[in-house]
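J.: First the structure, then my questions, so here it is.
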Amino acid sequence: MSDSAAWNARYGATPGMFGWAPNEFLTAQAHRLRPGMQALALGDGEGRNGVWLARQGLEVTALDWSATGMAHAAELAAREGVALTTVVADATAWDWPEAAFDLVAWIFVHLPPEDRTKACAGVRRALKPGGLLVLECFSPAQEGRRSGGPREAALLWTRAIVEAEFPAFAVLALLEGAVRLDEGPKHQGLAEVVRAVLRAP
Ligand SMILES: C[S@@+](CC[C@H](N)C(=O)[O-])C[C@H]1O[C@@H](n2cnc3c(N)ncnc32)[C@H](O)[C@@H]1O
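Rendered as structure tokens:
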């Protein structure tokens, strides 16, 4: 089973597995958003974050390699009465557009190191000058906790990885530490994360 097939099976078995409400760290950035901004919700799963961005008046592309997730995202957008462009694609092989987005939301997308580096290169290419990256991912201290995240240690994020992948970006926020998650059945309780808001040069 490919990993996209595994995610299809997960979303098919447990719709709303990360909840339908948006990620709290993303919503805390509402003051940085303006209607009409072009946004990419990367690895958007079932669309909770892309749809929230669309509700703020942004023009949103949601990308995920799970066709089931993107189908749920399209249904959520229809229920909420907002436009959402869904793309079923592997982020490591996508033909990333150049200087196309004012915002990339990278929420709990954990990739093997080589794939992560490819996707980060895509983000650097796709952000307009001055565009924002908002990222939340689990950190190594999450290992052994039951509040979510991948089993493979290599997929976890650190502040140092953020700094290494986006060296020319201005750091508006960059934290590694404990937060309490309340996001559907799979993200519940105390969790160890990296949170970043970066501005492209
Ligand atoms: C933990 S889920 C988070 C989903 C969503 N961002 C959220 O917060 O609700 C990780 C998502 O990343 C997607 N994903 C993982 N690797 C990917 C890849 N190489 N290309 C596209 N999507 C990928 C999965 O299909 C899954 O939907």
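Positions in the sequence shown are counted from 1; adding 21 to them yields this note's numbering. Each residue gets a CB set at the ideal place from its N, CA and C atoms; glycine is no exception.
To the nearest angstrom, how far is the alpha carbon of A121 from that of W28?
T.: Counting from 1 along the sequence shown, the entry for residue 121 is found at position 100. Counting from 1 along the sequence shown, the entry for residue 28 is found at position 7. Cα-Cα distance, rounded: 27 Å.
J.: Enumerate in chain order the residues of its own chain whose CB-to-CB distance from G37 is below 6 Å, with the five nearest sequence positions on each side excluded.
T.: The residue labelled residue 37 in the question sits at position 16 within the sequence shown. The answer, listed in chain order, is G205.
J.: Do you know how far the Cα of R76 is from the Cα of E101?
T.: The residue given as residue 101 occupies position 80 in the sequence shown. The residue given as residue 76 occupies position 55 in the sequence shown. Using only the alpha carbons, I get a separation of about 8 Å.
J.: Assuming V81 contacts T106 (C-beta within less than 8 Å), just tell me the rounded distance between them.
T.: Stepping through the sequence shown from its first residue, residue 81 is reached at position 60. Stepping through the sequence shown from its first residue, residue 106 is reached at position 85. About 7 Å separates the two Cβ atoms, so the contact holds.
J.: Report back the beta-carbon spacing between A104 and D65 to the nearest angstrom; my notes put them in contact at under 8 Å.
T.: Start at 1 with the first residue of the sequence shown, and residue 104 comes out as number 83. Start at 1 with the first residue of the sequence shown, and residue 65 comes out as number 44. In fact, because the Cβ distance is near 14 Å, the residues do not count as touching under 8 Å.
J.: Would you check whether ligand 2 has a heavy atom nearer than 7 Å to the C-beta of P133?
T.: No copy of ligand 2 appears in this structure; the ligands present are ligand 1.
J.: Any heavy atom of ligand 1 inside 7 Å of the beta-carbon of R76?
T.: Within the sequence shown, residue 76 is the residue found at index 55, counting from 1. Not under cutoff, so the answer is no.
J.: Which value, in whole angstroms, describes the spacing of the CA atoms of P222 and F187?
T.: Here residue 222 refers to the residue found at position 201 when the sequence shown is read from its first residue. Here residue 187 refers to the residue found at position 166 when the sequence shown is read from its first residue. Taking the straight line joining both Cα atoms gives about 10 Å.
J.: What are the start and end residues of the beta strand (DSSP E) that includes K149?
T.: Counting from one through the sequence shown, the residue named residue 149 turns up at place 128. It spans L148 to F159 - the beta strand (DSSP E) in which K149 sits, taken as one unbroken run.
J.: Based on DSSP bridge pairs, tell me the residues matched to Q59.
T.: The residue you call residue 59 lines up with position 38 of the sequence shown. Per DSSP, E80.
J.: Could you tell me how far apart the beta carbons of F190 and L177 are, in whole angstroms, since I believe they sit closer than 8 Å?
T.: Residue numbering aside, residue 190 sits at position 169 when the sequence shown is read from its first letter. Residue numbering aside, residue 177 sits at position 156 when the sequence shown is read from its first letter. Rounded, the Cβ-Cβ distance is 20 Å, inconsistent with contact.
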